[in-house]
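Note sheet for the following structure.
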Amino acid sequence: MKRPAIFLALSALLLFGLDGASYSQTPFYQGKTLTVIQGREPGGTGDMRIRSLFPFLKKYIPGQPNIVTEYMPGGGGRKTTNHIYRGVKPDGLTIGNVGVGLVANAVLGEPGVQYDIDKLIYLGSPNSGNQYILFSVAKLGLDSLEKFRAYRGLRIGAQTVGHDLYINGRLFAWLLELKEARFITGFSGPEMDIALMQGELDART
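If you read the sequence shown in this note's numbering, its first letter stands for residue 3, the second for the next number, and so on.
Structure representation (structure tokens):
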């Protein structure tokens, strides 16, 4: 038997003779905890959206890891993104859940951005496009574009400067040519709704 034939025969013997257990491998995530760090306060739409995915992630990620979430609001996602980019070990056990403000803040050169958006790994998005509206409380009676433009000092709420809702609010104010619009920040999503009902805010996106 020639050498090539002997080599092939030995290879086949090794390949088919090995026990199937030799090929089994413990899934990477088995017995581990996957942490999702969110750049927001708990209870808002973004929080509920990602938490609704947890049962499916646990089911379909090989190894069925335990999944927990941490909240790190601040700077429209800058605090969370900076933390993940600079302070988290890249071992596959930490995921960030941050709004689109992380891109806008970097592109616009906002202060406090310590990350490179081209060096982040993007896993996905809950949608392929966002549709935003600006709405006000009914008692103001701003039911037409003309009334919106004529109203002075509209108080528009947002989470933080740089948050995507803040950015969109500024865009609405510019596009609609609002007069002396005021932007009031420091709310979580649920707190903003309460502020609208209590008269602390006039509008939000």
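Even glycine gets a Cβ: it sits at the ideal position worked out from N, Cα and C.
Contact check, residue i vs residue j under 8 Å by CB: the rounded distance?
{"i": "residue 42", "j": "residue 164", "result": "That belief does not hold up - the Cβ atoms of residue 42 and residue 164 are roughly 12 Å apart, past 8 Å."}
{"i": "residue 151", "j": "residue 182", "result": "With 8 Å as the limit, residue 151 and residue 182 do not qualify as a contact, their Cβ atoms being about 11 Å apart."}
{"i": "residue 159", "j": "residue 123", "result": "So it is not a contact: roughly 32 Å between Cβ atoms."}
{"i": "residue 166", "j": "residue 101", "result": "4 Å"}
{"i": "residue 144", "j": "residue 138", "result": "5 Å"}
{"i": "residue 46", "j": "residue 191", "result": "3 Å"}
{"i": "residue 86", "j": "residue 105", "result": "Wrong, their Cβ atoms sit about 14 Å apart, outside the cutoff."}
Give me the residue from the options with the minimum Cα distance to residue i.
{"i": "residue 172", "options": "103, 46, 196 and 200", "result": "103"}
{"i": "residue 135", "options": "55, 44, 115 and 175", "result": "175"}
{"i": "residue 113", "options": "78, 56 and 73", "result": "78"}
{"i": "residue 82", "options": "193, 45, 38 and 127", "result": "38"}
{"i": "residue 65", "options": "92, 27 and 48", "result": "27"}
{"i": "residue 207", "options": "115, 109, 54 and 133", "result": "133"}
{"i": "residue 200", "options": "126, 76, 141 and 48", "result": "141"}
{"i": "residue 127", "options": "109, 205 and 55", "result": "55"}
Rounded to the nearest angstrom, what separates residue i and residue j at their Cα positions?
{"i": "residue 149", "j": "residue 94", "result": "52 Å"}
{"i": "residue 89", "j": "residue 117", "result": "11 Å"}
{"i": "residue 84", "j": "residue 155", "result": "34 Å"}
{"i": "residue 107", "j": "residue 162", "result": "12 Å"}
{"i": "residue 121", "j": "residue 97", "result": "14 Å"}
{"i": "residue 35", "j": "residue 59", "result": "12 Å"}
{"i": "residue 9", "j": "residue 70", "result": "Residue placement at residue 9 cannot be trusted, given a pLDDT of 44 that sits under 50; what the coordinates show is reported in the next sentence. Those two C-alpha atoms are separated by around 51 Å."}
{"i": "residue 74", "j": "residue 30", "result": "27 Å"}
{"i": "residue 193", "j": "residue 52", "result": "19 Å"}
{"i": "residue 32", "j": "residue 157", "result": "49 Å"}
{"i": "residue 63", "j": "residue 99", "result": "18 Å"}
{"i": "residue 1", "j": "residue 153", "result": "The chain is shown from 3 up to 207; residue 1 falls before or after that span and cannot be answered."}
{"i": "residue 168", "j": "residue 72", "result": "23 Å"}
Using DSSP's beta-bridge definition, name the partner residues of residue i.
{"i": "residue 138", "result": "205"}
{"i": "residue 68", "result": "35"}
{"i": "residue 154", "result": "181"}
Looking at the structure shown, is residue i part of a helix, part of a strand, or coil, going by DSSP?
{"i": "residue 63", "result": "coil"}
{"i": "residue 193", "result": "helix"}
{"i": "residue 41", "result": "coil"}
{"i": "residue 91", "result": "coil"}
{"i": "residue 123", "result": "coil"}
{"i": "residue 185", "result": "strand"}
{"i": "residue 210", "result": "Only positions 3 to 207 of the chain appear in the structure, and residue 210 is not among them; the question remains open."}
{"i": "residue 73", "result": "strand"}
{"i": "residue 46", "result": "coil"}
{"i": "residue 103", "result": "helix"}
{"i": "residue 79", "result": "helix"}
{"i": "residue 111", "result": "coil"}
{"i": "residue 159", "result": "strand"}
{"i": "residue 8", "result": "With a pLDDT of 44 at residue 8, under the threshold of 50, the modelled position of that residue is not reliable, and the figure given next carries that caveat. Residue 8 falls in the helix class under three-state DSSP."}
{"i": "residue 166", "result": "helix"}
{"i": "residue 56", "result": "helix"}
{"i": "residue 144", "result": "coil"}
{"i": "residue 174", "result": "helix"}
Does any CB atom of chain B fall closer than 8 Å to the CB of residue i?
{"i": "residue 39", "result": "Annotation note: the requested chain B is absent from the structure, which comprises a single protein chain."}
Does the ligand PLP have even one heavy atom less than 7 Å from the beta-carbon of residue i?
{"i": "residue 53", "result": "Among the components modelled here there is no ligand, and therefore nothing to report on the ligand PLP."}
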